[in-house]
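For the record, the sequence lines run as chains A and B.
Per the numbering used here, residue 263 is the first one in the first sequence, and the count goes up by one each step.
Per the numbering used here, residue 40 is the first one in the second sequence, and the count goes up by one each step.
A short worksheet on the structure shown next.
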Amino acid sequence: DTEVTQTPKHLVMGMTNKKSLKCEQHMGHRAMYWYKQKAKKPPELMFVYSYEKLSINESVPSRFSPECPNSSLLNLHLHALQPEDSALYLCASSHPWGELFFGEGSRLTVL
Amino acid sequence: AQSVTQLDSHVSVSEGTPVLLRCNYSSSYSPSLFWYVQHPNKGLQLLLKYTSAATLVKGINGFEAEFKKSETSFHLTKPSAHMSDAAEYFCARGGSNTGKLIFGQGTTLQVKP
Chain A
263 DTEVTQTPKH LVMGMTNKKS LKCEQHMGHR AMYWYKQKAK KPPELMFVYS
313 YEKLSINESV PSRFSPECPN SSLLNLHLHA LQPEDSALYL CASSHPWGEL
363 FFGEGSRLTV L
Chain B
40 AQSVTQLDSH VSVSEGTPVL LRCNYSSSYS PSLFWYVQHP NKGLQLLLKY
90 TSAATLVKGI NGFEAEFKKS ETSFHLTKPS AHMSDAAEYF CARGGSNTGK
140 LIFGQGTTLQ VKP
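Structure (structure tokens):
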């Protein structure tokens, strides 16, 4: 069982919708990550939060908006997405610069 | 530039035979190295990690990897494959001064009965 919990597991949304992906961890990690993964490809880093502050933004379009309300929670707000944004979105956490622990992902389909 | 190269995109073995998944890294120093496994429609699970301690690293489910600095390699092995080992495997390295992981392109392991 993963100790990083992501909800929802599946999400279907239209291009005009606003939705959010949520991630929670209770391992005391102070770094949290969002990755995007297309089929048969490695995960691509989107954002890194360290001690609840955004430390890395990999030039992600503004239609993706991350939020870290506290040290255990990480959200990814979605608005006006495109069909090419359909992917598996993975959350991960770690001690700073330690190994990453991943959640099971949220499968997003944009119609 | 820092990079990770997985030398085989697809490996096929018979159940009960050894597994070898190859990974090379580029670096001017000894980085942290990881192997992750991903089963279909699942997240990534850490198999093992190297962080400059013992060069032979043992992981979960019978996997191990050997860090060879002279060859800049970190190949993953298992003596005897199980059907449940069929999955996608990613080699990754820690980025210098960041929390960013650099992933290889992945190797699909097929296990035949």
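For every residue, glycine included, the Cβ atom is placed at its ideal position computed from N, Cα and C.
Just so it is clear, the structure is predicted and the values come from calculations on it, not from any experiment.
Next on the checklist: Using a 10 Å radius around the Cβ and a threshold of 16 neighbouring Cβ atoms, would you call Thr371/A buried or exposed?
Outcome noted: For this step, residue 371/A is matched to residue 109 along the first sequence. Thr371/A should be labelled exposed.
Next on the checklist: Do Phe309/A and Pro323/A have their beta-carbon atoms positioned less than 8 Å apart in this structure?
Outcome noted: Here the question's residue 323/A lines up with position 61 in the first sequence. Here the question's residue 309/A lines up with position 47 in the first sequence. Phe309/A is positioned such that its CB atom lies no closer than 8 Å to that of Pro323/A.
Checklist entry - Would you call the CB atoms of Leu60/B and Leu148/B closer than 8 Å? => result Counted from its first residue, the second sequence places residue 60/B at position 21. Counted from its first residue, the second sequence places residue 148/B at position 109. Less than 8 Å divides the Cβ of Leu60/B from the Cβ of Leu148/B.
Checklist entry - Can you list, in chain order, the stretches of the beta strand (DSSP E) that have 3 or more residues and sit fully within the stretch 47-130 of chain B? => result Within the stretch 47-130 of chain B, the complete beta strand (DSSP E) runs of at least 3 residues are 49-53, 58-60, 62-65, 72-77, 83-89, 95-97, 103-107 and 112-117.
Next on the checklist: Considering only the alpha carbon of each residue, which of Glu314/A, Asn279/A, Ala349/A and Tyr297/A lies closest to Leu335/A?
Outcome noted: As a working mapping, residue 335/A is identified with position 73 in the first sequence. The residue from Glu314/A, Asn279/A, Ala349/A and Tyr297/A with its alpha-carbon nearest to that of Leu335/A is Glu314/A.
Next on the checklist: Can you confirm whether the stretch 348-361 of chain A touches the stretch 290-308 of chain A when touching is taken to mean that 3 or more C-beta pairs between the two stretches lie within less than 8 Å?
Outcome noted: Touching, yes, given that three or more Cβ pairs across the two stretches are closer than 8 Å.
Checklist entry - What is the rounded straight-line gap between the Cα of Met122/B and the Cα of Leu352/A? => result Here residue 122/B refers to the residue found at position 83 of the second sequence. Here residue 352/A refers to the residue found at position 90 of the first sequence. When rounded, the distance between both Cα atoms is 26 Å.
Checklist entry - Does Leu273/A come within less than 8 Å of chain B when only Cβ atoms are used? => result Here the question's residue 273/A lines up with position 11 in the first sequence. Cβ-Cβ to chain B under 8 Å: no for Leu273/A.
Next on the checklist: Report the CB separation of Arg369/A from Leu350/A in whole angstroms; it is logged as a contact under 8 Å.
Outcome noted: Against the first sequence, residue 369/A aligns to sequence position 107. Against the first sequence, residue 350/A aligns to sequence position 88. With 8 Å as the limit, Arg369/A and Leu350/A qualify as a contact, their Cβ atoms being about 5 Å apart.
Next on the checklist: Looking at the secondary structure, which residues open and close the beta strand (DSSP E) in which Glu286/A lies?
Outcome noted: On the first sequence, residue 286/A is found 24 positions in, with the first residue counted as 1. Judged by DSSP secondary structure, Glu286/A falls within the beta strand (DSSP E) whose first and last residues are Lys280 to Gln287.
Checklist entry - Quick one: what's got a C-beta closer than 7 Å to Ala125/B's C-beta in the same chain, skipping five residues either side? => result Numbered from its first residue, the second sequence carries residue 125/B at position 86. So the qualifying residues of the chain are Leu148, Gln149 and Val150.
Item to check | DSSP three-state assignment for Glu265/A, whether helix, strand or coil | outcome: Locating residue 265/A in the first sequence gives position 3, where the first residue counts as 1. For Glu265/A, the three-state secondary structure derived from DSSP is coil.
Checklist entry - In terms of alpha-carbon separation, which member of Asn63/B, Leu87/B and Leu46/B lies closest to Asn100/B? => result Residue 100/B sits at position 61 when you count from the first residue of the second sequence. Here the closest residue by C-alpha is Leu87/B.
Checklist entry - In three-state terms, what does DSSP make of Pro304/A? => result In the first sequence, residue 304/A corresponds to position 42, counting from 1. Pro304/A: coil per DSSP, three-state reduction.
Next on the checklist: Please list, in chain order, the chain B residues whose beta carbon lies closer than 8 Å to that of Phe363/A.
Outcome noted: Mapped onto the first sequence, residue 363/A falls at position 101. Residues of chain B passing the Cβ test: Leu85.
Checklist entry - Any idea what DSSP makes of Glu346/A, helix, strand or coil? => result Counting from one through the first sequence, the residue named residue 346/A turns up at place 84. Three-state result, Glu346/A: helix.
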